[in-house]
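Residue numbers (our numbering): 26 to 278.
Below you can see the structure in the form of structure tokens.
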């Protein structure tokens, strides 16, 4: 059953939480995704079987949370994630960030490193509003964004992505690949070779940029951006176990 958190920002966020023992796991979803997705639900079931605390939630404008997607931004959604973690978890957490959730996890790593026990990135997409959307816009799209405040891009799903001027401008204030990115905890990056949204080069760039002593990148041949097959889900679970086994916050495994 879905519960709701009234965040300090005034936004009402939908979430599902599992109680348990030991270091918890927080799932951070992707752009225009929600907490009812395959990976989020599968990880909740995994956490229940492990007796481990787990949290999944919807950013504002996503899923069951309040707000319009078009009004949101990377900074807003990072604030939502921070509010959910601070209000709904106890102690250090392993962040599992999918696509945009990977970027938001890295923003949080800059803000609350002491509350993060490890990071698992699934097709992590840092800085994609600048290096993906904006860099890929032609002159007409850039002019339309300035004129109309929004452009629409095909998503490959049921509806197009509305890309707002605010999303682009706010994204520039939250870039993580331009400055030192210190991640003093275990990091496991997972990337599919058939990902049509995040390139292998992005995964390698992120790995090279991270300043950390325990960082590993694994490619899954044939996996797409969803990374949701049974084999991919097992890889995610194994990556979380690996992080738990190498973290330094306590004796939990």
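Backbone N, C-alpha and C fix where the C-beta goes; we use that ideal spot for every residue, glycine too.
Rounding to the nearest angstrom, what Cα-Cα distance links residue i and residue j in this structure?
{"i": "residue 86", "j": "residue 266", "result": "32 Å"}
{"i": "residue 231", "j": "residue 209", "result": "15 Å"}
{"i": "residue 45", "j": "residue 161", "result": "44 Å"}
{"i": "residue 213", "j": "residue 247", "result": "19 Å"}
{"i": "residue 147", "j": "residue 240", "result": "14 Å"}
{"i": "residue 137", "j": "residue 166", "result": "36 Å"}
{"i": "residue 259", "j": "residue 172", "result": "46 Å"}
{"i": "residue 122", "j": "residue 134", "result": "12 Å"}
{"i": "residue 250", "j": "residue 193", "result": "22 Å"}
{"i": "residue 211", "j": "residue 272", "result": "6 Å"}
{"i": "residue 254", "j": "residue 30", "result": "31 Å"}
{"i": "residue 107", "j": "residue 149", "result": "18 Å"}
{"i": "residue 109", "j": "residue 141", "result": "14 Å"}
{"i": "residue 229", "j": "residue 144", "result": "16 Å"}
{"i": "residue 256", "j": "residue 168", "result": "43 Å"}
{"i": "residue 42", "j": "residue 54", "result": "15 Å"}
{"i": "residue 159", "j": "residue 81", "result": "29 Å"}
{"i": "residue 191", "j": "residue 175", "result": "9 Å"}
{"i": "residue 124", "j": "residue 57", "result": "11 Å"}
{"i": "residue 79", "j": "residue 113", "result": "10 Å"}
{"i": "residue 71", "j": "residue 47", "result": "14 Å"}
{"i": "residue 3", "j": "residue 177", "result": "With the chain covering 26 to 278 only, the question about residue 3 has no answer from this structure."}
Per the DSSP calculation, residue i is bridged to which residue(s)?
{"i": "residue 217", "result": "245"}
{"i": "residue 189", "result": "175"}
{"i": "residue 118", "result": "49, 141"}
{"i": "residue 223", "result": "Residue 223 is not bridged to any residue."}
{"i": "residue 207", "result": "236"}
{"i": "residue 212", "result": "144, 240"}
{"i": "residue 153", "result": "In the DSSP output, where bridge partners are listed per residue, residue 153 has none listed."}
{"i": "residue 123", "result": "147"}
Helix, strand or coil, according to DSSP, for residue i in the structure here?
{"i": "residue 27", "result": "coil"}
{"i": "residue 39", "result": "strand"}
{"i": "residue 201", "result": "coil"}
{"i": "residue 130", "result": "helix"}
{"i": "residue 146", "result": "strand"}
{"i": "residue 59", "result": "coil"}
{"i": "residue 105", "result": "helix"}
{"i": "residue 82", "result": "strand"}
{"i": "residue 32", "result": "coil"}
{"i": "residue 100", "result": "helix"}
{"i": "residue 194", "result": "helix"}
{"i": "residue 54", "result": "coil"}
{"i": "residue 44", "result": "coil"}
{"i": "residue 161", "result": "helix"}
Counting only the same chain and skipping the five closest in sequence on each side, list residues whose C-beta sits under 6 Å from that of residue i.
{"i": "residue 83", "result": "39, 59, 60, 89, 90"}
{"i": "residue 222", "result": "250"}
{"i": "residue 73", "result": "43"}
{"i": "residue 99", "result": "195, 196, 199"}
{"i": "residue 187", "result": "95, 175, 177"}
Can you give me the Cβ contacts of residue i inside the same chain, cut-off strictly under 7 Å, excluding the 5 residues immediately before and after it?
{"i": "residue 179", "result": "185"}
{"i": "residue 105", "result": "32, 36, 38, 84, 85"}
{"i": "residue 235", "result": "206, 208, 212"}
{"i": "residue 92", "result": "36, 85, 86"}
At what residues does the beta strand (DSSP E) containing residue i begin and finish?
{"i": "residue 93", "result": "Note, residue 93: premise wrong, no beta strand (DSSP E); not H, not E."}
Just curious, the alpha helix (DSSP H) that residue i is in, first and last residue?
{"i": "residue 77", "result": "Counting along the chain, residue 77 falls outside any alpha helix (DSSP H), and DSSP gives it neither H nor E."}
{"i": "residue 266", "result": "255-271"}
Are there any heavy atoms of the ligand GTP lying less than 7 Å away from the beta-carbon of residue i, as far as the coordinates show?
{"i": "residue 170", "result": "Only the bare structure without any ligand can be found here, which leaves the ligand GTP out of the picture."}
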